[in-house]
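Below you'll find the structure, written out as structure tokens, and then a few comments.
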Amino acid sequence: MSRLLVLLSTFQLISCIDAQFNNDYPTLDLDFINGALLQQHQEMCHFEWLTLEKRIDTLRSLLFGAPLVYSNKSYVISKFPHKNSGEAMKYCQAFGGYLAEVDDYSEFNELKDFFLRSSVKEMVLIAGSDELKEGTWTFQRTGVALPFERWAPEEPNNKAQIEHCLCLWKDYIGKMNDITCSFRNDMARFMCELPGST
Ligand SMILES: [Ca+2]
Ligand SMILES: [Ca+2]
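Last residue of the sequence shown: number 198 in UniProt numbering, and the count goes up by one each step with no gaps.
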């Protein structure tokens with residue numbers, strides 16, 4: 001479609017320029033044409049990029065709630081439950097991000113308050129797993145050890161020996177709990193950390 005537009009624009013432009021110079025000059029100024037075409041193409045690309053950005057924004061608002069902006073990042077909570085932590089990560093990656101990674105107390109505090117203000121009822125999945133080695137918690141994306149932990153009382157308890165993923169838990173004012181990496185329930189949500197303050 002865009003190539004067709006460029007082609008049609010080229011014909012139109014040449015015909016305009018041809019008419020303009022027909023009386024004085026039989027030849028065309030190719031540098032001028034190239035410059036004009038390049039400018040037109042850039043304007044069209046800019047327009048298409050804006051359209052694409054708008055579509056991505058629309059899609060993001062369908063899938064996630066309003067973002068928290070903190071430290072040049074955007075954090076969003078899903079409007080639907082995840083089938084498993086891998087699927088949740090893929091949703092985050094689709095928007096250029098990853099499951100929210102708590103790096104320090106300040107970030108934990110921001111995300112905890114964001115979660116507690118939300119309408120999510122029970123828990124929100126974030127980055128962190130001890131699936132590879134029980135009791136050793138790392139980020140799934142980088143394999144780096146969790147730099148900050150703030151567990152709820154008697155957690156992590158690895159209940160039924162199947163709890164290898166991490167969530168913030170509403171029952172304990174947003175503190176951490178280990179939970180299963182697979183589907184939990186319809187109330188469960190996940191949080192993504194996205195680049196930029198969009
Ligand atoms: Ca575990
Ligand atoms: Ca637990």
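Where is the CB? At the ideal position from N, CA and C, for every residue including glycine. A quick note: this is a predicted structure, and the numbers were derived from the prediction, not measured.
**OP:** Mind checking which residues open and close the alpha helix (DSSP H) that includes N109?
**Re:** Here residue 109 refers to the residue found at position 109 when the sequence shown is read from its first residue. N109 -> alpha helix (DSSP H) spans Y105 to R117.
Original post:
Rounded to whole angstroms, how far is the Cβ of C165 from the Cβ of D178, which I believe are closer than 8 Å?
Top reply: Counted from its first residue, the sequence shown places residue 165 at position 165. Counted from its first residue, the sequence shown places residue 178 at position 178. That pair is a contact at about 7 Å.
Original post:
When you compare only the Cα positions, how much space is there between E131 and S78?
Top reply: One-based indexing of the sequence shown puts residue 131 at position 131. One-based indexing of the sequence shown puts residue 78 at position 78. Between E131 and S78, the C-alpha separation is close to 23 Å.
Original post:
Taking C-beta to C-beta, are A127 and R150 nearer than 8 Å?
Top reply: Here residue 127 is taken as the residue at index 127 of the sequence shown, counted from 1. Here residue 150 is taken as the residue at index 150 of the sequence shown, counted from 1. Taking 8 Å as the Cβ cut-off, A127 and R150 do not qualify as a contacting pair.
Original post:
How about I173: is its Cβ closer than 7 Å to a heavy atom in ligand 2?
Top reply: Numbered from its first residue, the sequence shown carries residue 173 at position 173. The answer is no for I173.
Original post:
Excluding the five sequence neighbours on either side, which residues of its own chain have a C-beta within less than 6 Å of the C-beta of L146, listed in chain order?
Top reply: In the sequence shown, counting from the first residue as 1, residue 146 sits at position 146. These residues qualify, in order along the chain: G128 and W137.
**OP:** Can you say whether R105 is buried or exposed, counting buried as having 16 or more other CB atoms within 10 angstroms of its CB?
**Re:** In the sequence shown, residue 105 corresponds to position 105, counting from 1. Looking at the sequence itself, residue 105 is Tyr, so the reference to Arg does not match. Exposed is the call here.
Original post:
Helix, strand or coil for residue 226 per DSSP?
Top reply: Given that the chain is displayed from residue 1 to residue 198, the structure contains no residue 226 and the question cannot be resolved.
Subject >> Residues near N158 in its chain [Cβ-Cβ closer than 7 Å; skip 5 each side] >> reply: As a working note, residue 158 is residue 158 in the sequence shown. So the list reads E134 and D178, once near-sequence residues are dropped.
**OP:** Tell me where the beta strand (DSSP E) around A145 begins and ends.
**Re:** Counted from its first residue, the sequence shown places residue 145 at position 145. That residue, A145, is in no beta strand (DSSP E); it is neither H nor E in DSSP.
Original post:
Where do the ends of the alpha helix (DSSP H) carrying V87 lie?
Top reply: Locating residue 87 in the sequence shown gives position 87, where the first residue counts as 1. A quick correction: the sequence has Glu, not Val, at residue 87. Per DSSP, E87 belongs to the alpha helix (DSSP H) from S85 to A94.
Original post:
How would you write the range of the alpha helix (DSSP H) that H46 sits in, first residue to last?
Top reply: On the sequence shown, position 46 is the one that residue 46 refers to. From DSSP, the alpha helix (DSSP H) with H46 extends over L30 to L63.
Original post:
Since M191 is in the beta strand (DSSP E), which residue starts that stretch and which ends it?
Top reply: If you number the sequence shown from 1, residue 191 lands on position 191. Looking at the DSSP string, the run of the beta strand (DSSP E) that includes M191 is R189 to P195.
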